[in-house]
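Trainee: In our numbering, the protein residues as written are 21 to 461. Each residue gets a CB set at the ideal place from its N, CA and C atoms; glycine is no exception. All figures in this text were calculated on a predicted structure; none of them were measured in a lab. Sharing a structure below in structure tokens format, with a few things to ask.
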Amino acid sequence: MKVTVFGTGYVGLVSGTCLAEMGHEVICVDVDQDKIDGLNAGRIPIYEPGLEPMVVRNHRLGTLQFTTDAESAVQAGEVIFIAVGTPPDEDGSADLQYVLAVARTIGQHMQSHKTVVDKSTVPVGTADKVRAAITQELAARDAQIGFDVVSNPEFLKEGAAIEDFMKPDRIVVGVDSKAAGEVMRNLYAPFARTKDKLIVMDIRSAELTKYAANALLATKISFMNEIANLAERVGADVEAVRRGIGSDPRIGYQFIFPGCGYGGSCFPKDVQALERTARANAYEARILSAVEATNAEQKKVLFSKLSGHFGGDLAGKRIAVWGLSFKPNTDDMREAPSRTLMEAVWQAGGSVQAFDPEAMEETRRIYGQRDDLTLCDSAIEALTDADALVICTEWSQFRTANFKQLKSHLKGRVVVDGRNLWVPEELAREGFYYYAIGRPV
Ligand code: UGA
Numbered sequence: 021m022k023v024t025v026f027g028t029g030y031v032g033l034v035s036g037t038c039l040a041e042m043g044h045e046v047i048c049v050d051v052d053q054d055k056i057d058g059l060n061a062g063r064i065p066i067y068e069p070g071l072e073p074m075v076v077r078n079h080r081l082g083t084l085q086f087t088t089d090a091e092s093a094v095q096a097g098e099v100i101f102i103a104v105g106t107p108p109d110e111d112g113s114a115d116l117q118y119v120l121a122v123a124r125t126i127g128q129h130m131q132s133h134k135t136v137v138d139k140s141t142v143p144v145g146t147a148d149k150v151r152a153a154i155t156q157e158l159a160a161r162d163a164q165i166g167f168d169v170v171s172n173p174e175f176l177k178e179g180a181a182i183e184d185f186m187k188p189d190r191i192v193v194g195v196d197s198k199a200a201g202e203v204m205r206n207l208y209a210p211f212a213r214t215k216d217k218l219i220v221m222d223i224r225s226a227e228l229t230k231y232a233a234n235a236l237l238a239t240k241i242s243f244m245n246e247i248a249n250l251a252e253r254v255g256a257d258v259e260a261v262r263r264g265i266g267s268d269p270r271i272g273y274q275f276i277f278p279g280c281g282y283g284g285s286c287f288p289k290d291v292q293a294l295e296r297t298a299r300a301n302a303y304e305a306r307i308l309s310a311v312e313a314t315n316a317e318q319k320k321v322l323f324s325k326l327s328g329h330f331g332g333d334l335a336g337k338r339i340a341v342w343g344l345s346f347k348p349n350t351d352d353m354r355e356a357p358s359r360t361l362m363e364a365v366w367q368a369g370g371s372v373q374a375f376d377p378e379a380m381e382e383t384r385r386i387y388g389q390r391d392d393l394t395l396c397d398s399a400i401e402a403l404t405d406a407d408a409l410v411i412c413t414e415w416s417q418f419r420t421a422n423f424k425q426l427k428s429h430l431k432g433r434v435v436v437d438g439r440n441l442w443v444p445e446e447l448a449r450e451g452f453y454y455y456a457i458g459r460p461v
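This is the structure:
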């Protein structure tokens, strides 16, 4: 099938590339000329395992094209994905201006029937707005051309996006016509060889499904973070509790790892947006507000442990920070707990020596040159002469504590572990003050 994808961010680029990989002819459109030039030259704007070779291969084969020419891209695609950003606006609601701008572009240029697919995470009711925007443009040029609007939310995880797209556990499709359902079934047929993964429903339910999924996952994390905080206060070990409850299949082992708060572009934004949607519909979503508030507090936990150790005085202290991205296998630092920590350290007069396997460039882009931030080339370099180490992200290379290395480089004997990677007893035996999340000190 001929597919056009608007937006070459995480969702758009991964979706377009995977659809091309499965044999569709894909054109990806973006307004950012630099990004498109880069992609045409084989430069991938994000770090995502497995993405680069797939982009390069399909681009070479001609099944994946990149352009800023929206007009011909609209004309080429039978199916047109909208995968542009929906950043939070001032009050936390999802800002739909980019989505609706694409809808208008489609309405302006389409010459034949189109199936327009919302892939961006958009509030319930957006499909109606997309439909209205297209209809308005068609009316303005007196064109009578049929189209369908479909909601097809994306469930991919950064760092595992290719795998999630290629081997989905479900494909949610919201339609209001049989024909649109058939188009989507054909589009995704190559992804559903062994089992039909398509869950077809009405449009509003599909839109809500995406938010409900993210909100429930965020709730699990905030819940566990509360239990961890409680464990610390009652002298229990949350790691034991986690194993204890995960064994109940109704709870499950996934997504109950306590930590220093969830980050990224999805959970923080989506929980907020869903809460705002509830409010706009005269409903107070109390659990969602609590999930959000708990997370905001949890992001401060690393700093309060660190500062607590030094009696509230971090002035002149050098803090080694390992892991800057909001989670491993990505360079994405949006809403990352590391940022809350570093900014608090600076505020308190301390300095940071930071290392992340992928996010160094992103850190430089965000914070620029500053005297109280040293960007290090290795984990060891970050430790050198530091008063304490704080682990913010669970990259696998941090999982094993190398005490020889720690002792020879780290000046202080203080480790704050925001991801419970190490064994408290070992750290104690080696003479470290070890602060984890929800574990006895
Ligand atoms: C999330 C969802 O998992 C995807 O299904 C969804 O498609 C995506 O949002 C989206 O809406 O686009 P993502 O934000 O990439 O994906 O990352 P996750 O792996 O879900 O992690 C989110 C945050 O939760 C991270 O900060 C992570 O450190 C934290 N987390 C996760 C925990 O603190 N504990 C856990 O047990 C699991």
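Helix, strand or coil for Ala-340 per DSSP?
Mentor: It is a strand residue.
Trainee: For Thr-146, which residues from the same chain have a beta carbon less than 7 Å from its beta carbon, with the 5 sequence-adjacent residues on both sides left out?
Mentor: Hits under 7 Å: Leu-116, Val-119, Asp-138, Glu-227.
Trainee: Under three-state DSSP, which class holds Asp-437?
Mentor: Reduced to three states, the DSSP call for Asp-437 is strand.
Trainee: How about Glu-178: is its Cβ closer than 6 Å to a heavy atom in ligand 1?
Mentor: Yes, the beta carbon of Glu-178 sits closer than 6 Å to at least one heavy atom of ligand 1.
Trainee: Whole angstroms are fine: how far does the CA of Tyr-455 sit from the CA of Glu-414?
Mentor: Cα-Cα distance, rounded: 15 Å.
Trainee: Over the uninterrupted alpha helix (DSSP H) stretch that includes Lys-55, give me the two end residues.
Mentor: Note, Lys-55: alpha helix (DSSP H), 53-60.
Trainee: Using a 10 Å radius around the Cβ and a threshold of 16 neighbouring Cβ atoms, would you call Val-254 buried or exposed?
Mentor: Exposed: under 16 other Cβ atoms inside 10 Å.
Trainee: For a minimum of 4 consecutive residues, which ranges assigned as the alpha helix (DSSP H) are wholly contained in the segment 248-308?
Mentor: 258-266, 287-300, all fully within the segment 248-308.
Trainee: Does DSSP classify Gly-32 as helix, strand or coil?
Mentor: The answer is helix: DSSP assigns Gly-32 an H, G or I state.
Trainee: Could you please give the first and the last residue of the uninterrupted beta strand (DSSP E) stretch that includes Ser-371?
Mentor: 371-375 is the extent of the beta strand (DSSP E) around Ser-371.
Trainee: With 7 Å set as the bound, which would you pick, yes or no: does the beta-carbon of Phe-275 sit closer than that to a beta-carbon of chain D?
Mentor: Absent from the structure is chain D; it holds one protein chain and no more.
Trainee: Does the structure place the segment 288-296 close enough to the segment 425-433 that three or more beta carbon pairs sit under 8 Å?
Mentor: Contact fails: fewer than three Cβ-Cβ distances are below 8 Å.
Trainee: With a cut-off of 8 Å, do at least 3 Cβ pairs link the segment 404-424 to the segment 339-349?
Mentor: The segment 404-424 is in contact with the segment 339-349.
Trainee: Please report the Cβ distance between Lys-240 and Ile-265, rounded to the nearest whole angstrom; I am assuming they are in contact, meaning their Cβ atoms lie under 8 Å.
Mentor: Their Cβ separation, rounded to whole angstroms, is 11 Å, which puts Lys-240 and Ile-265 out of contact at 8 Å.
Trainee: Looking at the structure shown, is Cys-396 part of a helix, part of a strand, or coil, going by DSSP?
Mentor: Looking at Cys-396 - three-state DSSP - the assignment turns out to be coil, as it is neither helix nor strand.
Trainee: Considering Cα atoms alone, identify which of Ala-114, Val-261, Ser-327 is closest to Gly-105.
Mentor: Taking only the C-alpha atoms, the option nearest Gly-105 is Ala-114.
Trainee: Pair every Cβ in the segment 119-129 with every Cβ in the segment 53-72, then say whether three or more of these pairs are closer than 8 Å.
Mentor: No: the two stretches stay apart, fewer than three of their Cβ pairs being nearer than 8 Å.
Trainee: In angstroms with no decimal places, state the Cα-to-Cα distance between Val-443 and Glu-91.
Mentor: Approximately 58 Å between the Cα atoms of the pair.
Trainee: Could you work out which residue in Tyr-453, Ala-232, Leu-207 is closest to Thr-135 when comparing CA atoms only?
Mentor: With distances taken between Cα atoms, Thr-135 lies closest to Leu-207.
Trainee: Kindly indicate the opening and closing residues of the alpha helix (DSSP H) around Tyr-67.
Mentor: From DSSP, Tyr-67 is part of no alpha helix (DSSP H); its letter is neither H nor E.
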